[in-house]
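First the structure, in the form of structure tokens, and then the observations on it.
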């Protein structure tokens, strides 16, 4: 029997034994039942893939070279005494642990050289050259890379091991609580050890798995269990780098066997690693400094299966609140990630935004924003090369004067609402690292356009009406538009309706008047958290899919203003947009008021 299958079988036995415990509380029993369902599903998936692999002649030993490194999760601080050990504990000790150890010990990373494939190249596009991208110092130590599981088998096994680990961690936690007499408290599933397992696996798997974790990490942390929030903070910091052999494979496949000859220098040590790729600094033969973003192998091909496996794990284990509508979050995440994996598309959007910024006098002249130029001859679907922009991530410039911080914050808000309401073309990633500020020139560089998306005029007409109603504390219009746009069904209870109105007012508060708004002193984030907690309990429907990216970006802009301790006038930004906006929905124009 395959050692992979023995792991799954062992984990299933642990879950089965746990389900038979009569002295556990209802939550622990239900969790064990969920664990058994997880193992059943993963085992069926593995057996199906085994049949397919046998048909193609792929051996189990070959498949094990794709597995990720073993994850040593933090063990619970207390353990049950031998006399108190139940059937579940015995099963887990005798069956699960040895199989995980033996399987992990056989995993290795082998250098394979697949045939070079032709890659779609990016044709030259017009646009003035600015210059990308990251701080001069690496964001973290990437000296110890770990191989990216690139095959369907390797990635499925990563989730299988995670599922087995969650079952093991849940059973152990349940036994610890039983022995200590603790029957209530935090979730028996979302304990520290399981949260660590989840975060470590996402960071090693990268791709869609890590992307989802990062999407969850920017949800309001008060809505998530404390252990999960701490783990997602680790996820937010980014991925591990891939080892040298995988970097070489990717570069050869995308730019040819002689790819190094096309650079004067190329730093093999990455500057940063993210969910779908890592970034290297290099120089061109003409002396220009550039950055090269290299996509991890297998990421684009594994999006659907990754999210399907992760959806199952999250739904069955209860790792996310029901009110988050995690299936909708995952659906949006799958669509986003599929687009982000296409670097040709990203380059095209980067050129478009560069042109829009250059044509806007506020951004290009008054506040000196720039977008780095794409190097088309060194860019493909999986490799993107752009000019280098010096600067620091904008969240670390808190030492600047209040006047300069206010200027930066107001310009970011201006850019955000210009993207949303005027261009209808927005870079949706709220990561502060996508803004690089050069103190010497007072120039802000905009980078990373993989998460750029467009919005329809029809949607934006209605959304702007909602935003303006919130900025004017106009509850009837806000509710009418919310129902028209399917934010509400019309059957919500008064508690949900009140929370919806008040959350709209809270988001619109910076735009109420022409007076400077104190973002940090307003406690806007904590007040929104309170409303969102109500949403988690009473919301009847998921919001339109456009909202996931829109609200993520607006929340990111507000958080940046809080980080900069900005005190700025905001209403004029929105007022000028509404004043000049051409509505096409056939409704009366909103009434323009100087203040709410």
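Numbering (our numbering), first residue to last: 1 to 596. Glycine is no exception: its CB is placed at the ideal position from the N, C-alpha and C atoms.
Query raised in the report: Do the CB positions of residue 548 and residue 328 come within less than 9 Å of each other?
Result: Against a cut-off of 9 Å, the Cβ pair of residue 328 and residue 548 comes out as a contact.
Query raised in the report: Near residue 398, what residues of its chain come up, given a Cβ to Cβ distance below 8 Å and the 5 sequence neighbours on each side ignored?
Result: Once the five neighbours on either side are set aside, the close Cβ partners of residue 398 are 405, 563, 564 and 565.
Requested in this report: Can you grab the Cα-Cα spacing for the pair residue 368 / residue 357, in whole Å?
Outcome: The alpha-carbon atoms of residue 368 and residue 357 are separated by roughly 10 Å.
Query raised in the report: Which same chain residues, not among the five before or five after residue 461, have their C-beta less than 7 Å away from its C-beta?
Result: For residue 461, the CB contacts under 7 Å within the same chain, skipping 5 residues up- and downstream, are 583, 584 and 585 in chain order.
Report task. Measure how close the beta-carbons of residue 351 and residue 374 come, nearest whole angstrom, since I'm counting them as under 8 Å. Result -> About 6 Å; that satisfies the 8 Å criterion.
**Report entry** Close-in-space but distant-in-sequence residues of the same chain around residue 451 (CB under 7 Å, 5 per side omitted)
**Finding:** 336, 340, 427, 428 and 429.
Query raised in the report: In chain order, what residues of the same chain lie with their CB nearer than 7 Å to the CB of residue 568, ignoring the 5 residues before and after it?
Result: If we look at residue 568 and ignore the five residues flanking it on each side, its Cβ neighbours are 406, 409, 410, 516 and 517.
Query raised in the report: Nearest-angstrom Cα distance between residue 587 and residue 481?
Result: It is roughly 11 Å from the alpha-carbon of residue 587 to the alpha-carbon of residue 481.
Query raised in the report: Based on Cα-Cα distance, which residue from 301, 550, 540 and 344 lies nearest to residue 490?
Result: The residue with the shortest Cα to Cα distance from residue 490 is 540.
Requested in this report: Measure the Cβ-Cβ separation of residue 391 and residue 445 and say whether it is below 9 Å.
Outcome: Contact: yes.
**Report entry** Cα-Cα separation between residue 277 and residue 294, rounded to whole angstroms
**Finding:** Near 5 Å, if we compare the C-alpha coordinates of residue 294 and residue 277.
Requested in this report: Could you check the C-alpha separation between residue 467 and residue 552 for me, to the nearest Å?
Outcome: The alpha-carbon atoms of residue 467 and residue 552 are separated by roughly 15 Å.
Query raised in the report: Can you tell me the Cα-Cα spacing of residue 600 and residue 288, whole angstroms?
Result: The structure shown does not extend to residue 600, since the chain is modelled only from 1 to 596, so the question has no answer here.
Report task. Count the other CB atoms, across all protein chains shown, that sit within 10 Å of the CB of residue 440; report buried if there are 16 or more and exposed otherwise. Result -> The residue in question, residue 440, is exposed, as its Cβ has fewer than 16 Cβ neighbours within 10 Å.
**Report entry** Assigned exposure category for residue 523 - 16 Cβ within 10 Å defines buried
**Finding:** Exposed: under 16 other Cβ atoms inside 10 Å.
Query raised in the report: Over what stretch of residues does the alpha helix (DSSP H) that includes residue 557 continue unbroken?
Result: Bounds of the alpha helix (DSSP H) holding residue 557 are 545-563.
Query raised in the report: By a C-beta neighbour count over all protein chains shown, 10 Å radius and 16 as the cutoff for buried, is residue 365 buried or exposed?
Result: When all chains shown are included, residue 365 counts as exposed.
Requested in this report: Run the proximity test for residue 243: is its beta-carbon closer than 8 Å to any non-hydrogen atom belonging to the ligand HEM?
Outcome: Within the structure as shown, the ligand HEM is missing, as the structure has no ligands at all.
**Report entry** Straight-line Cα distance separating residue 443 from residue 527
**Finding:** About 33 Å.
Report task. Would you decide whether residue 382 is buried or exposed? Buried here means 16 or more other CB atoms lie within 10 Å of its CB. Result -> Taking all protein chains shown into account, residue 382 has 16 or more neighbouring C-beta atoms within 10 Å of its C-beta and is therefore buried.
Query raised in the report: Who are the Cβ neighbours of residue 432 in its own chain at under 7 Å, not counting the five residues just before and after it?
Result: Result list for residue 432: 393, 394, 395 and 560, in chain order.
Requested in this report: List the DSSP bridge partners of residue 443.
Outcome: Residue pairing of residue 443 in beta bridges, as defined by DSSP: 438.
**Report entry** Span separating the alpha-carbon of residue 493 from that of residue 361
**Finding:** About 47 Å.
Requested in this report: Find the nearest neighbour of residue 574 within the set 415, 519 and 304, judged by alpha-carbon distance.
Outcome: Measuring C-alpha to C-alpha distances from residue 574 to each of 415, 519 and 304 identifies 415 as the nearest.
Requested in this report: Check whether the Cβ atoms of residue 421 and residue 245 lie closer than 9 Å to each other.
Outcome: No; because the gap between Cβ atoms is not below 9 Å, this pair is not in contact.
Query raised in the report: Just curious, the alpha helix (DSSP H) that residue 579 is in, first and last residue?
Result: Run containing residue 579: 571-580, per the alpha helix (DSSP H) assignment.
Query - In DSSP terms, what residue 279 is bridged to - result: Note: residue 279 is bridge-paired with 272 and 293 in the DSSP secondary-structure output.
Query - Spatial distance of residue 538 from residue 530 (CA atoms) - result: The alpha-carbon atoms of residue 538 and residue 530 are separated by roughly 13 Å.
Report task. Assign residue 361 to one of three DSSP states: helix, strand, or coil. Result -> Of the three classes helix, strand and coil, the one that applies to residue 361 here is helix, per DSSP.
Report task. Enumerate, from N- to C-terminal direction, the unbroken beta strand (DSSP E) stretches of 3 or more residues contained entirely within the region 384-425. Result -> Qualifying beta strand (DSSP E) stretches: none in this window.
Requested in this report: Under the assumption that residue 387 contacts residue 290 (Cβ atoms under 8 Å), give the Cβ distance between them as a whole number of angstroms.
Outcome: With 8 Å as the limit, residue 387 and residue 290 qualify as a contact, their Cβ atoms being about 6 Å apart.
Query raised in the report: CB-CB under 6 Å to residue 591, same chain, minus the five flanking residues each way: which ones, in chain order?
Result: When the five nearest sequence neighbours on each side are left out, no beta carbon in the same chain lies closer than 6 Å to the beta carbon of residue 591.
Report task. Would you mind stating whether residue 454 and residue 483 have Cβ atoms separated by less than 9 Å? Result -> Going by beta carbons, residue 454 and residue 483 fall outside the 9 Å limit.
Query - Residues of its chain near residue 308, where Cβ-Cβ distance is below 6 Å and the 5 sequence neighbours each way are ignored - result: Correct list: empty, nothing qualifies.
Query raised in the report: With residue 353 and residue 449 assumed to form a contact (beta carbons below 8 Å), what rounded beta-carbon distance in angstroms separates them?
Result: Right, their Cβ atoms sit about 6 Å apart.
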